[in-house]
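Undergrad: Take a look at this one; I'll ask things after.
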Amino acid sequence: MTPFILIVALLGLIIGSFLNVVIARLGTKEGIVWSRSHCPHCQHTLGFWDLIPLLSFLALRGRCRYCHAPISWQYPLVELTTAILFVLVFVVRYGSLSDLRPPTPDLSALSLELLALSLELGFVAILIVISFYDARTLLIPDSLVGVAVVSAIVSVLVRGGLSALTSGLLATVIFAGFFALLFFVSRGKWLGGGDVKLAVPIAIIVGWPTIFVTFLVSFWSGAVLGILILFYRKYSIFLTSVGNLDKLPLLSFLRKQESRGNVTPSRSTWIPVASGDRNDNRSAVSHEIPFGPFLALGAVVSMLWGGALLHWYVTIFGI
Ligand SMILES: [Zn+2]
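Taken in order, the sequence shown gives residues 53 to 371; the numbers are from our numbering.
Given below as structure tokens:
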């Protein structure tokens, strides 16, 4: 089992490094596949030794080899996230290798299984791109949602056939329908149009009734970060005086959210704005958190453990 896990982890690191390029170049005029990587600061073309996932970042201590400008944390984080999620999907699906090695070697069953696994990993990769792009720009590009929808439909058909697709469509009507309702009732204040669209591929792949797990995980993880941000805003003066604490990745992420105040709103806030804040000069956008990463988190958790979590939830509450 261990060699397989290592191969999947390595695959995750390599794909993650490609996803970084997609996240960085999406929405720019630069081609995603054919143009060579360069330092965004000094424009120096990067060589082989600068592009090894994770290791280059560690060896260069997070700085460009040529101009010593700091390299964004996004790069190692995306590579590590991709590797960890790929391994999780693989281990959860094939915890014991007997699933991969049927008693009578059946090549067509094995290749179907590999196809299903690749499709699932592909969907997770799209979710990673959407999450990091959304965290940076507060936008979810329609093109990515489109790719996610197609990949979800094919993945569900390969794994579960028409009955699984029916369950996915039922989940879509209810999950995305509920989000669309929230969007229209709040006139886009509670969540953005991009979130409603992203709910569609997620509902298709998760299916009915596991989609409830997606809803609960996304909602609660988003709420916890929302509370953290409010807390941070309240105590940011204290944190600034502590100094170095501010350089921690989470805090610098929160700080970026904080400084979005003067940016034109591209998507509306999903956390209701406290009434007192409406009067000061900050725009409502400074409260804005991207909801896409939480939807993606909910999706991955329910793809992996949805059945078990739903069972646990139903037993606890005796529904
Ligand atoms: Zn440089």
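All residues carry an ideal CB built from backbone N, CA and C; glycine is no exception.
1) When you compare only the Cα positions, how much space is there between Pro317 and Thr54?
2) From which residue to which residue does the alpha helix (DSSP H) around Asp247 run?
3) With a threshold of 7 Å (Cβ to nearest heavy atom), would Ala121 be considered close to ligand 3?
4) Closest to Met355 by C-alpha separation, out of Val176, Val201 and Ser195, would be which residue?
5) What is the rounded straight-line gap between the Cα of His339 and the Cα of Ala232?
6) When you compare only the Cα positions, how much space is there between Leu280 and Ser183?
7) Could you check what DSSP says for His90 in three-state terms: helix, strand or coil?
8) Thinking C-alpha only, which one of Leu169, Gly220 and Leu164 is nearest Val141?
9) Determine, using beta carbons only, whether Lys115 and Pro122 come nearer to each other than 8 Å.
10) Got a sec, what are the start and stop residues for the alpha helix (DSSP H) Ser215 sits in?
11) Between Tyr127 and Leu191, what straight-line distance do the alpha-carbon atoms span, to the nearest angstrom?
12) Do Phe235 and Leu243 count as a contact pair if the criterion is CB distance below 8 Å?
13) Taking DSSP as the reference, what is the three-state secondary structure of Pro55?
14) Following the continuous alpha helix (DSSP H) through Ser354, name the residue where it begins and the one where it ends.
15) Is Glu82 buried or exposed, if buried means 16 or more other CB atoms sit within 10 Å of its CB?
16) How should Pro92 be labelled, buried or exposed, when 16 other C-beta atoms within 10 angstroms of its C-beta is the threshold for buried?
17) So, do the stretch 196-215 and the stretch 357-365 have three or more beta carbon pairs nearer to each other than 8 Å?
18) Kindly examine ligand 1 and report whether one of its heavy atoms sits closer than 7 Å to the Cβ of Tyr127.
19) Cβ of Phe227 within 8 Å of Cβ of Ala255?
20) Could you work out which residue in Phe343, Glu165 and Ala135 is closest to Leu58 when comparing CA atoms only?
21) Can you check whether the CB of Leu103 is closer than 8 Å to the CB of Ser69?
22) Ignore the nearest five residues each way along the sequence and tell me which others in Asn333's own chain have a CB closer than 7 Å to its CB.
23) Considering only heavy atoms of ligand 1, does any lie closer than 7 Å to the CB of His96?
24) At the level of alpha carbons, what is the spacing between Phe271 and Gly240?
25) Please tell me whether Gly220 and Gly246 are closer than 8 Å, where the distance is taken between their beta carbons.
TA: This is what the structure holds:
1) If you number the sequence shown from 1, residue 317 lands on position 265. If you number the sequence shown from 1, residue 54 lands on position 2. Any reading at Pro317 is ruled out, since the residue's pLDDT is 34, under 50, leaving its predicted position unreliable.
2) The residue you call residue 247 lines up with position 195 of the sequence shown. Taken as a continuous stretch (DSSP letters only), the alpha helix (DSSP H) holding Asp247 covers Gly245 to Val258.
3) Absent from the structure shown: ligand 3. Ligands present: ligand 1.
4) Here residue 355 is taken as the residue at index 303 of the sequence shown, counted from 1. Considering only alpha carbons, the answer is Val176.
5) Stepping through the sequence shown from its first residue, residue 339 is reached at position 287. Stepping through the sequence shown from its first residue, residue 232 is reached at position 180. Because His339 sits at a pLDDT of 45, beneath the cut-off of 50, its placement in the model cannot be relied upon, and the point is left open.
6) Counted from its first residue, the sequence shown places residue 280 at position 228. Counted from its first residue, the sequence shown places residue 183 at position 131. Cα to Cα, Leu280 sits roughly 19 Å from Ser183.
7) Indexing the sequence shown from 1 puts residue 90 at position 38. In the structure shown, His90 sits in a strand (DSSP, three-state: E or B).
8) Position 89 of the sequence shown, counting from 1, holds the residue named residue 141. Considering only alpha carbons, the answer is Leu169.
9) Locating residue 115 in the sequence shown gives position 63, counting from the first residue. Locating residue 122 in the sequence shown gives position 70, counting from the first residue. The question names Lys, but residue 115 is Arg in the sequence shown. In contact: Arg115 and Pro122 (Cβ atoms closer than 8 Å).
10) Residue numbering aside, residue 215 sits at position 163 when the sequence shown is read from its first letter. That run of the alpha helix (DSSP H) goes Asp194 to Val237.
11) Taking the first residue of the sequence shown as 1, we reach residue 127 at position 75. Taking the first residue of the sequence shown as 1, we reach residue 191 at position 139. In a straight line, the C-alpha of Tyr127 is about 19 Å away from that of Leu191.
12) Translated into positions along the sequence shown, residue 243 becomes position 191. Translated into positions along the sequence shown, residue 235 becomes position 183. In contact: Leu243 and Phe235 (Cβ atoms closer than 8 Å).
13) Against the sequence shown, residue 55 aligns to sequence position 3. If DSSP states are grouped into helix, strand and coil, Pro55 belongs with the helices.
14) One-based indexing of the sequence shown puts residue 354 at position 302. From DSSP, the alpha helix (DSSP H) with Ser354 extends over Gly344 to Phe369.
15) Counting from 1 along the sequence shown, the entry for residue 82 is found at position 30. It counts as exposed.
16) Taking the sequence shown and counting its residues from 1, the one referred to as residue 92 is at position 40. The residue is exposed, with fewer than 16 neighbouring Cβ atoms inside 10 Å.
17) no
18) What you label residue 127 is simply residue 75 of the sequence shown in a count that begins at 1. For ligand 1, not one heavy atom lies less than 7 Å from the Cβ of Tyr127.
19) Locating residue 227 in the sequence shown gives position 175, where the first residue counts as 1. Locating residue 255 in the sequence shown gives position 203, where the first residue counts as 1. The answer is yes: Cβ separation under 8 Å.
20) In the sequence shown, the residue the question calls residue 58 occupies position 6. Among Phe343, Glu165 and Ala135, the Cα nearest to that of Leu58 belongs to Ala135.
21) As a position in the sequence shown, residue 69 is number 17, starting the count at 1. As a position in the sequence shown, residue 103 is number 51, starting the count at 1. Yes; because the gap between Cβ atoms is below 8 Å, this pair is in contact.
22) For this step, residue 333 is matched to residue 281 along the sequence shown. A caution first: Asn333 carries a pLDDT of 34, below 50, which makes its placement in the model too unreliable to give a value.
23) If you number the sequence shown from 1, residue 96 lands on position 44. The answer is yes for His96.
24) Taking the first residue of the sequence shown as 1, we reach residue 271 at position 219. Taking the first residue of the sequence shown as 1, we reach residue 240 at position 188. One C-alpha to the other measures close to 17 Å.
25) Sequence index remark: in the sequence shown, residue 220 carries index 168 (1-based). Sequence index remark: in the sequence shown, residue 246 carries index 194 (1-based). For Gly220 and Gly246, no; Cβs fall outside 8 Å.
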